[in-house]
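Just so we're aligned: the sequence shown equals residues 883 to 1471 in our numbering. The beta-carbon is built from N, C-alpha and C at its ideal position, and this holds for glycine as well.
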Amino acid sequence: MGSTSMNGSGKGTGEGGHGSGGPVEDTGAPAGAVRTAEERDLGEAGAQLSTAPVEGAETAAGAPGLGPVGWARWFWRQLTSMRVALILLFLLSLGAIPGSLIPQNSIDETKVAAFRERHETLAPLYDKLQFFDVYSSVWFSAIYLLLFVSLIGCIVPRSWQFVGQLRSRPPGAPRRLDRLPAHTTWRTAAEPEQVREAALALLAGRRFRAHRAGDAVAAEKGYLREAGNLVFHVSLIVMLVAFAWGQLFKSEGGKLVVEGGGFSNTLTQYDDFRSGSLFATDDLTPFSFVLDSFTGTYAKSGPERGTPRTYEAAVTWSTPEGTERKQVIEVNRPLEVDGTKVYLNGHGYAPVVTVRDARGEVVFQDPVPLLPIDSNVTSTGAIKVMDGYRGPDGEKDQLGFQAFFVPTFAGAGEGDMFSQFPGLEFPVLALTGYHGSLGVDSGLPQNVYQLDTSKMEQFKAANGEVLKQRLLPGETMQLPDGAGSITFEKDVREWATFQITRQPATGWALSGAIAAIGGLAASLFVQRRRVWVRAVRGEDGVTVVEMAGLGRSESAKLPEELGDLALALNAQAPTAPEPVDATAEGATT
883 MGSTSMNGSG KGTGEGGHGS GGPVEDTGAP AGAVRTAEER DLGEAGAQLS TAPVEGAETA
943 AGAPGLGPVG WARWFWRQLT SMRVALILLF LLSLGAIPGS LIPQNSIDET KVAAFRERHE
1003 TLAPLYDKLQ FFDVYSSVWF SAIYLLLFVS LIGCIVPRSW QFVGQLRSRP PGAPRRLDRL
1063 PAHTTWRTAA EPEQVREAAL ALLAGRRFRA HRAGDAVAAE KGYLREAGNL VFHVSLIVML
1123 VAFAWGQLFK SEGGKLVVEG GGFSNTLTQY DDFRSGSLFA TDDLTPFSFV LDSFTGTYAK
1183 SGPERGTPRT YEAAVTWSTP EGTERKQVIE VNRPLEVDGT KVYLNGHGYA PVVTVRDARG
1243 EVVFQDPVPL LPIDSNVTST GAIKVMDGYR GPDGEKDQLG FQAFFVPTFA GAGEGDMFSQ
1303 FPGLEFPVLA LTGYHGSLGV DSGLPQNVYQ LDTSKMEQFK AANGEVLKQR LLPGETMQLP
1363 DGAGSITFEK DVREWATFQI TRQPATGWAL SGAIAAIGGL AASLFVQRRR VWVRAVRGED
1423 GVTVVEMAGL GRSESAKLPE ELGDLALALN AQAPTAPEPV DATAEGATT
C-alpha cells in the first residue's frame, strides 16, 4: 500500500456527564472560543461519539449573574455531572462506615445499650449525629436521594440522545482524513465506484453500520459501549430502589426451638424481632413448623477431630391452606415459604431436668436450653422455677440453678470441667442451687440464660460449704433440709436457632447488580469508533483510496482494526504501480 499513518494517538476528550468519554473534538473551551483547523476539519464526523454533555456549554450556561433561573440551571447541571456523582458515591460509602463499626438500633438494641453504658461521653454525641441509626438518618437519606436524583437527571436526556444516534446515520467523511489519528492511503487501478462498493460490503460484513456519503463510505461500530454505560446507570437506580424497598418493608427475627417444639410465624413467637419502618404485622407470612430432630455429625479422629461435618434440622411445616410437608434445613439451604426464608443459624443442647419441692411434687420438668461457649459445645445457662414451689416450711419460694453442661466430659478433675468433643458421648451436668426472689416480678426484662442472685441465697451443704454437684444422666441432687431435689433425666435434647427473614426486592437487587456489571464491562471494553473510506480519481487518472478511523479514546486496537480492514480492501483493490518519472528515465538512458 502507499503512505500509511496509524499511530493510535488521539486528542483530549471532554467529560461532562456520568460515564466515561465525550466528543473527541470537545476541548472543554468556552463557547465562542476559536477552534483549530483540525477541529474544523473533523466537524460532525468527530461529534457525538458519546451522549455526555459538553463541558464548555455547561460553563457558559452556568456563568454567574444569570439570576435565580440561571443559578438553578447551573445547580442542576452540577448535580448531574460526573464529579458530583462520584462525590455522592464516595460520601455514601463513607457514611456507611459508622453503620458498620457502631452498634445500630435496627440490628441489636442490647449492644447499643451496652455501648451507651461503656461510653458515657461519646453516646450523647453519637445520638446527635444519628450514628446509632445511620441508615435511617437524615444525612444518609439526603445523600441517598441526591444520588438518586443525579442518576435520573443524567440518564433521561442521555437516553433520548442515544436513541437519536441509533436512528441517525454515521456522519460523512471529514475533508482531511489525513488529520485523523489512524489513517492510510494507496493508489489502485480499480474504479472509484468499485472501491466504494467493495468498502461498503466489507464494512457491513464486519457488523459496521455503513452507508454511502458522497465520494466516501461512512461506517460506525461500538454502540454497545454507550448502551452499556446507560444500562450501568439504570441498574444503579434499580439497586437503589430495591435497597430502599427492602429496608422499608423487611422483617427479621430469631427463634430457638428445642426438638419436639414448634414455631408459628406470629410476632409473639419470636425471641427477637426487627422490621422496616413501613412493615406491618399483617405482612408476616402465615406458616408454622415443628422441629422433629436435629442431627450434627463431627470428625472423630485426626487433626480435624471435632470439626462439624453436617448440621441438619428435620422439620414438618405447613400453611393454613396447605397440608403438612417435611423438609431438611441445612446451613445455606433454608426453608422458603412465600418469600419468607427460614435459615439454620446454630445449635446446642437442652438437658431435661425435673425439680421436686419439699413434698416430693414435681414443680418443673422441661428441657432447658443452654448456650455454647466454645467449639466443643461446653454450655452454660440457668434453670428458673418461678411458680408452684414450696419450701420445707410450706411457704412459696423461687428456685434458681446455675447450670454448666458438657456433652463429652474430659475427666474427673477438681477444677472447671470442659468438653473434649461436641458430640453427645459422655454428658455431665454441673449445678449450683439458690432460693429466694428471681427478680421476675419487678417488670424488668431478664436474660433467660442468666441468673440474678442479688436477692437470692445459696444453698449450703451440711458441712457449711456451697452446695454444688456434677450429675450424670439419671442422677439427682438433693437440696438441704428437705427443700426438694433436682434430677438430670436420661434425656438430652438438641435445640436449633432459626433466623426467619423476609427481604423484599432481593431479586431486583441481584438483577440490578448483574446488569450493572455487564453494562460496566461493555462500557470499559467496547470502543465506539468510526471508519471512512474515500475513493476518488487522482490527477493522473488513477484512483486514490483513503481510509481513516476515529475512536472515543486513545486505543491501540483502532489502528490494528483499520490495518486489518485496509488489507482486506486492498485485496479487492490492489495497489497500483507508482508512475514512472519520464525525466529520470531519459537521464538513465
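Item                                                                                                                      : Value
Candidates P1289, M1268, F1286, Q1284, of which the one nearest K1278 by Cα                                               : M1268
Cut-off 7 Å between Cβ atoms - residues of its own chain near A1098, not counting five sequence neighbours on either side : G1054, A1055, W1414, V1415, R1416
Euclidean distance between Cα positions of G1242 and F1308                                                                : 29 Å
Beta bridge counterpart(s) of R1375 as assigned by DSSP                                                                   : A1232
Option nearest L1353 by Cα separation, candidates R1187, D1015, P1233, W958                                               : P1233
7 Å Cβ cutoff met for F1286 and A1264                                                                                     : no
Length of the line joining the Cα atoms of L1112 and R1040                                                                : 8 Å
Of the residues V1031, V1016, V1244, the one placed nearest I989, counting alpha carbons only                             : V1016
Three-state secondary structure assigned by DSSP to K1337                                                                 : coil
DSSP-derived helix/strand/coil call for H1115                                                                             : helix
Delimiting residues of the alpha helix (DSSP H) encompassing L983                                                         : 964 to 983
Contained alpha helix (DSSP H) runs [length at least 4] in the region 997 to 1050, N- to C-terminal order                 : 1004 to 1011, 1020 to 1049
Completely contained beta strand (DSSP E) runs for the region 1070 to 1146, where each covers 3 or more residues          : 1091 to 1095, 1098 to 1103, 1133 to 1140, 1144 to 1146
Secondary structure of N1227, DSSP reduced to three states                                                                : strand
CA-to-CA distance, G1096 to L1474, given in whole angstroms                                                               : Outside the modelled stretch of the chain, which goes from 883 to 1471, sits residue 1474, for which no answer is possible.
7 Å Cβ cutoff met for H1229 and F1176                                                                                     : yes
Neighbourhood of V1424 by C-beta distance below 6 Å, restricted to the same chain and skipping five residues each side    : R1069, A1458
Whether A1404 touches G1110 by CB criterion (7 Å)                                                                         : yes
Backbone CA spacing between T918 and G1400 [nearest angstrom]                                                             : Residue confidence is low: T918 scores 49 on pLDDT, short of 50, so the model does not pin down where it sits. No coordinate-derived value is stated.
Bounding residues of the beta strand (DSSP E) (the contiguous stretch that carries S1157)                                 : 1154 to 1157
For S1200, the first and last residue of its enclosing alpha helix (DSSP H)                                               : From DSSP, S1200 is part of no alpha helix (DSSP H) but of the beta strand (DSSP E) over 1190 to 1200.
Three or more C-beta pairs below 8 Å linking the region 1148 to 1160 and the region 1354 to 1364                          : no
First and last residue of the uninterrupted alpha helix (DSSP H) at T1388                                                 : 1388 to 1407
Under the three-state DSSP convention, the category T1150 falls into                                                      : helix
Simplified DSSP assignment, three categories, for R960                                                                    : Per the sequence shown, residue 960 should be read as Gln rather than Arg. Of the three classes helix, strand and coil, the one that applies to Q960 here is helix, per DSSP.
Run of the beta strand (DSSP E) containing A1264, from where it starts to where it stops                                  : 1261 to 1267
Start and end residues, beta strand (DSSP E) containing Q1247                                                             : 1244 to 1249
Of the residues I1119, W1390, A1071, the one placed nearest A1453, counting alpha carbons only                            : A1071
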